[in-house]
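Count the sequence shown with the numbering used here and you get residues 925 to 1005, in order.
Note that beta-carbon positions come from the ideal geometry of N, C-alpha and C, so glycine has one too.
Just below is one structure, and these are the notes that go with it.
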Amino acid sequence: MFDPEPYPERPPVYVCNCFAVTEEDVRRHMADGACTPRRIASACKAGTDCGSCVRRIQALLARTALHREYESGAENLDEVA
Ligand code: FES
């Protein structure tokens, strides 16, 4: 029988290797109100060492904002992006 969820626990996807911060961690900080890379850094230090993760954090923030606007029914998503 087909099991749609063969791996119930997905391995964490690391965004910041310097501080072992995962996408899940970043999303949780976003849900708590962190809306800029600087605020994410204040919450978990992600992006404050080598900085190579900052673009990925920016992309997560942008994608989440875009998704929220889409779900809220925004008509012109170009203004959000
Ligand atoms: S990978 Fe995030 S600060 Fe280095």
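Under the three-state DSSP convention, the category residue 939 falls into: As a first step, residue 939 must be located in the sequence shown, where it is residue number 15. Correct three-state label for residue 939: strand.
Cβ neighbours of residue 977 in the same chain (closer than 8 Å, five flanking residues each side left out): Within the sequence shown, residue 977 is the residue found at index 53, counting from 1. Excluding residues within five positions, the ones whose Cβ falls inside 8 Å are 939, 940, 941, 942, 945, 970 and 971.
Unbroken alpha helix (DSSP H) run spanning residue 992, endpoints: Looking up residue 992 in the sequence shown gives position 68. Segment 978-996, the alpha helix (DSSP H) holding residue 992.
Sheet register partners of residue 946 (DSSP bridge): Position 22 of the sequence shown, counting from 1, holds the residue named residue 946. Note: residue 946 sits in a beta bridge opposite 938.
Option nearest residue 987 by Cα separation, candidates 954, 935 and 975: Counted from its first residue, the sequence shown places residue 987 at position 63. Per the Cα distances, 954.
Supposed contact pair residue 984 and residue 937 - C-beta distance, whole angstroms, cut 8 Å: As a working mapping, residue 937 is identified with position 13 in the sequence shown. As a working mapping, residue 984 is identified with position 60 in the sequence shown. About 10 Å separates the Cβ atoms of residue 937 and residue 984, ruling out a contact at the 8 Å cut-off.
Residues of its chain near residue 965, where Cβ-Cβ distance is below 7 Å and the 5 sequence neighbours each way are ignored: Walking along the sequence shown from the start, residue 965 turns up at place 41. Cβ neighbours of residue 965 within its own chain (closer than 7 Å, five residues either side excluded): 971 and 972.
Spatial distance of residue 959 from residue 952 (CA atoms): Here residue 959 corresponds to residue number 35 of the sequence shown, with the count starting at 1. Here residue 952 corresponds to residue number 28 of the sequence shown, with the count starting at 1. Residue 959 and residue 952 have their C-alpha atoms spaced approximately 11 Å apart.
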